[in-house]
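Engineer:
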Ligand code: ATP
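Residue numbers (the working numbering): 443 to 821.
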């Protein structure tokens, strides 16, 4: 596997105020009868970006992708590609290709015939087709399978043929609807990295639809989280994880604990949150939220320490009892039930073989966390 780090670290056009998005979705609404599948949605995707649309089933991801491809037109709003309004431009005239959930290869054609199909239709001269197909086969590491038919291939190999076929015409943008959906977990993980390499090597813009958060987190430069046809947040995977802007986004990606309470008082840039039943949580952020507001302090399990002894220093220490625990080998996840009844998840890395502070079911336990370890959410 090639390291992507050094290249990707440089890639963040969305932080450059002068950079223009390559694809602009501008206040797009799509209605089917009286049902609104996509609701006044705006976002920008940059050239060479790996962009993921993530959301629960029915949130409008595929509908948005189909409008980019030209299989559906927006009811209102515009989609621009490189400054050009795409309205009325048929799919085959857009510099865009789409790879579908079921990547339907032609069963009677060999791998190379499948890849060559679109090029032939375009009228590309034969020697060029041969060269392009050979390139594509090399790219997806299937040169030795060129003469096989799809039924003589594994699921992962078929998926790679479909990919080769969809990039053979060198589209500027490749749209992928759940491209790894048909693969088992291990193959999916391997293929994720292949897909990232392919996108890098070809310098294409990828827009991928997935309902699998891990897949989006692994592959994408940025993720748009959709709910009911609307964008909840667009951000890089670390931002989505560490700085979700709403309870919905926080809960959609990864595990999280929500301490629901009311803002009691301001503390510099931060605030104190009064939890029901008395305890107070201090947060270093959220100072802009008015006193008295209902908020959630959202914090990931790995940012909560759990101990059988009461930690020194009083802030953000809560007492409870080990309600459940799961030993996962590399880490242990504790479910600690607090006096008020809330169950808090805390995960501890098993860095040494034998824990110095063994905790078991029903043991008294203290959880603690730093005031900068969570985010204050108002939505
Ligand atoms: P999934 O992950 O299940 O594919 P999705 O987020 O891609 O979900 P869409 O396929 O975009 O969801 O559909 C969004 C909503 O629009 C759904 O409620 C769906 O039933 C509805 N919808 C999609 N296409 C049509 C259509 N042609 N006619 C009527 N309703 C439609």
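A virtual CB, placed ideally from N, CA and C, is assigned to each residue, including glycine. None of these values were measured; they are calculated from a predicted model.
Could you check whether the region 665-683 touches the region 475-493, counting it as contact only if at least three pairs of C-beta atoms, one from each stretch, sit closer than 8 Å?
Structural biologist: Yes, the region 665-683 touches the region 475-493.
Engineer: Please say whether residue 538 and residue 470 have beta carbons closer to each other than 7 Å?
Structural biologist: Cβ distance not < 7 Å, so residue 470 and residue 538 don't count as in contact.
Engineer: Just to confirm, is the Cβ distance from residue 808 to residue 725 under 7 Å?
Structural biologist: No, these two residues do not count as a Cβ contact at 7 Å.
Engineer: Would you decide whether residue 577 is buried or exposed? Buried here means 16 or more other CB atoms lie within 10 Å of its CB.
Structural biologist: exposed
Engineer: Tell me whether residue 707 is buried or exposed, calling it buried when 16 or more other Cβ atoms sit within 10 Å of its Cβ.
Structural biologist: exposed
Engineer: Would you kindly check if the distance between the Cβ of residue 582 and the Cβ of residue 619 is under 7 Å?
Structural biologist: no
Engineer: Which residues in the same chain as residue 498 place their Cβ atom closer than 6 Å to its Cβ, once the five residues preceding and following it in sequence are excluded?
Structural biologist: none
Engineer: The ligand ATP and residue 474: does the residue's C-beta get closer than 6 Å to at least one heavy atom of that ligand?
Structural biologist: yes
Engineer: Pull up the distance between the alpha-carbon of residue 449 and that of residue 816, whole angstroms please.
Structural biologist: Residue placement at residue 449 is flagged as unreliable, the pLDDT there being 49, under the threshold of 50; a coordinate-derived value is accordingly withheld.
Engineer: Using the DSSP secondary-structure output, state which residues sit across from residue 808 in a beta bridge.
Structural biologist: Answer by DSSP bridge pairing, in chain order: 749 and 761.
Engineer: Following the continuous beta strand (DSSP E) through residue 499, name the residue where it begins and the one where it ends.
Structural biologist: Run containing residue 499: none; DSSP gives neither H nor E here.
Engineer: With H, G and I counted as helix, E and B as strand and the rest as coil, what does DSSP make of residue 639?
Structural biologist: Reduced to three states, the DSSP call for residue 639 is helix.
Engineer: Under 6 Å Cβ to Cβ from residue 663, same chain only, skipping five residues before and after it: list those, please.
Structural biologist: 491 and 492
Engineer: Quick one: what's got a C-beta closer than 6 Å to residue 527's C-beta in the same chain, skipping five residues either side?
Structural biologist: 520
Engineer: Does DSSP put residue 689 in a helix, a strand or coil?
Structural biologist: helix
Engineer: Buried or exposed: residue 733, going by 16 or more other Cβ atoms within 10 Å of its Cβ?
Structural biologist: exposed
Engineer: For residue 804 and residue 695, I'd like the C-alpha separation in whole angstroms.
Structural biologist: In a straight line, the C-alpha of residue 804 is about 29 Å away from that of residue 695.
Engineer: Give me, in chain order, the residues of the same chain whose beta-carbon lies closer than 8 Å to that of residue 518; leave out the 5 immediate sequence neighbours on both sides.
Structural biologist: 469, 470 and 471
Engineer: CA-CA distance, residue 463 and residue 452?
Structural biologist: 17 Å
Engineer: Per DSSP, residue 722 is paired with what?
Structural biologist: 716
Engineer: Tell me the residue span of the alpha helix (DSSP H) that contains residue 697.
Structural biologist: Here residue 697 belongs to no alpha helix (DSSP H), and DSSP marks it neither H nor E.
Engineer: Within the continuous beta strand (DSSP E) that includes residue 556, where are the two ends?
Structural biologist: Taken as a continuous stretch (DSSP letters only), residue 556 belongs to no beta strand (DSSP E), being part of the alpha helix (DSSP H) at 553-563.
Engineer: Measuring from the CB of residue 457, is there a heavy atom of the ligand ATP at a distance below 6 Å?
Structural biologist: no
Engineer: When you compare the region 501-516 with the region 547-560, are there three or more beta-carbon pairs, one atom per stretch, that lie closer than 8 Å?
Structural biologist: no
Engineer: For residue 713, count neighbouring Cβ atoms within 10 angstroms of its own Cβ and tell me buried if that reaches 16, exposed if not.
Structural biologist: buried
Engineer: Out of curiosity, what's the CA-to-CA distance linking residue 606 and residue 676?
Structural biologist: 29 Å
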